[in-house]
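Accompanying notes for the structure given below.
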Amino acid sequence: MFKAVSNSAKNGNGRQKACKYLNEIALCNALEMAKELISVINKVPVTVFLWRPEKYWPAEFVSENIKKFGYTVEEFTSGRLLYGNIVHPDDLERVERELLRRIEEDYVDFSQEYRILTKSGEVRWVDERTFIEADENGVVKYLKGIILDVTERKRKEKLLYIQRDLGIALSTSSCLSETLEKLLDSCLQIDEINAGGIYLIDEETGDMTLAVHRGLSPNFVEHGSHYSANSPNARLVMIGQPVYKQHVDLLLTARDDALRHENLRAAAIIPVKSGKEIIAVFYLASSFEYELPDSVRTVIETIAMQFGVFISRVRLEEKLKECIKKRKS
947 MFKAVSNSAK
957 NGNGRQKACK
967 YLNEIALCNA
977 LEMAKELISV
987 INKVPVTVFL
997 WRPEKYWPAE
1007 FVSENIKKFG
1017 YTVEEFTSGR
1027 LLYGNIVHPD
1037 DLERVERELL
1047 RRIEEDYVDF
1057 SQEYRILTKS
1067 GEVRWVDERT
1077 FIEADENGVV
1087 KYLKGIILDV
1097 TERKRKEKLL
1107 YIQRDLGIAL
1117 STSSCLSETL
1127 EKLLDSCLQI
1137 DEINAGGIYL
1147 IDEETGDMTL
1157 AVHRGLSPNF
1167 VEHGSHYSAN
1177 SPNARLVMIG
1187 QPVYKQHVDL
1197 LLTARDDALR
1207 HENLRAAAII
1217 PVKSGKEIIA
1227 VFYLASSFEY
1237 ELPDSVRTVI
1247 ETIAMQFGVF
1257 ISRVRLEEKL
1267 KECIKKRKS
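Note that the working numbering has the sequence shown beginning at 947, numbered continuously upward.
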């Protein structure tokens, strides 16, 4: 009997050891799988969050891709930084309201787009897919978020809307001064551009005169509002090609020295043509960007082309009116 009990105990201990061993293997496998999963997550162009459903969403987990926005994982997991702290202040109330509404309506997941601020203060657009984890009583335990940076898509969409709206405005406009205002306002809707002006070129003298401007200092307007036809500035325009440089690199004469200390970085000179004739020029600048991206260059060149078409149409209408007048007289 004692021998049987002893054997039974041994068997029991053996099973416990085997179970413990199997559990350890399962745990190791699970950890390895988790590591592999995290490795995959860190390789895809998204940032993954696991939030607690509390004010401003404290993070239990965040993938390493958060560094693309200038932050570290530890800033969030330590609690020093809450996700709500980086949501753009103008969007935060809407983001909170949308999440609360979806929870109340028992959604399992939903998507929304909003802006966040990088550590350097840059505004980025993100598309967030949120998964709501609730228990059997409907109490939310966790929120899982997948954050995708969609800034470039939003920029391209905005540029398309600017072009479309300007095209509609130009098709119904006939007043030159009003059109110049619309053109410059359209250019300044582009995020990277915050200052500029449009020069008109005198048909007889070839001189350039600043007709409308925004965001330029009184000093710029005083010293840069007129260029004669034989000036290096006018000759650069008459080449007929867009020029993209730093503002200081476009100061071509001693007279331009007064503009050297303007708070302008990237600059663009875009000639406007009516047929083969150059009739105007856009001077567009940024006080925070050192270079204008290709997508922005394409749009401002398209806007200049739209203006050229508008001028051609206005001139044709004027010629038709003159012909009608002569016939009547």
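Think of the CB as a built atom: it goes at the ideal place given N, C-alpha and C, for glycine as much as any other residue.
Please go through the region 1141-1196 and give each complete beta strand (DSSP E) segment of 3 or more residues, from N-terminal end onward. 1141-1147, 1154-1160, 1189-1192
Using DSSP's beta-bridge definition, name the partner residues of R1075. S1057, I1092
Residues near L1112 by beta carbon distance below 8 Å, same chain, minus five either side: K1128, L1129, S1132, I1249, Q1252
Please indicate yes or no: does the CB of L1210 lie closer than 7 Å to some heavy atom of the ligand FAD? This structure simply doesn't include the ligand FAD, nor any ligand for that matter.
Anticipated Cβ contact below 8 Å, D1081 with K1087, distance rounded: 6 Å
For Y1002, which of helix, strand or coil comes out of DSSP? coil
Excluding five sequence neighbours on each side, which residues of the same chain lie with their C-beta closer than 7 Å to the C-beta of K1102? A distance below 7 Å between beta-carbons, with the five flanking residues on each side excluded, links K1102 to the following residues of its chain, in chain order: S1241.
Can you confirm whether the region 1147-1162 touches the region 1217-1236 when touching is taken to mean that 3 or more C-beta pairs between the two stretches lie within less than 8 Å? yes
Taking the alpha carbon of R1160 as the point to measure from, which residue in P1178, K1219, V1041, S1232 has its own alpha carbon closest? S1232
What is the rounded straight-line gap between the Cα of L1266 and the Cα of S1174? 32 Å
7 Å Cβ shell around P1178 - same chain, five flanking residues per side excluded: L1198, T1199
Give the DSSP bridge partners of E1223, in chain order. S1220
Tell me the residue span of the beta strand (DSSP E) that contains V994. 992-997
Pairing CB atoms from the region 1204-1211 with CB atoms from the region 1183-1190, are three or more of them under 8 Å? no
Where do the ends of the alpha helix (DSSP H) carrying V1085 lie? No alpha helix (DSSP H) contains V1085, which DSSP labels as neither H nor E.
Indicate the three-state DSSP secondary structure (helix, strand or coil) for F1234 in the structure shown. Here F1234 sits in coil by DSSP.
Residues of its chain near S1066, where Cβ-Cβ distance is below 6 Å and the 5 sequence neighbours each way are ignored: G1016
Out of I1270, Y1145, E1068, which one is the CA nearest neighbour of T1155? The shortest C-alpha separation from T1155 is found at Y1145.
Residue of V1033, L1230, E1051, L1106 minimising C-alpha distance to N1140: L1230
Pick helix, strand or coil for Y1229, following the three-state DSSP scheme. strand
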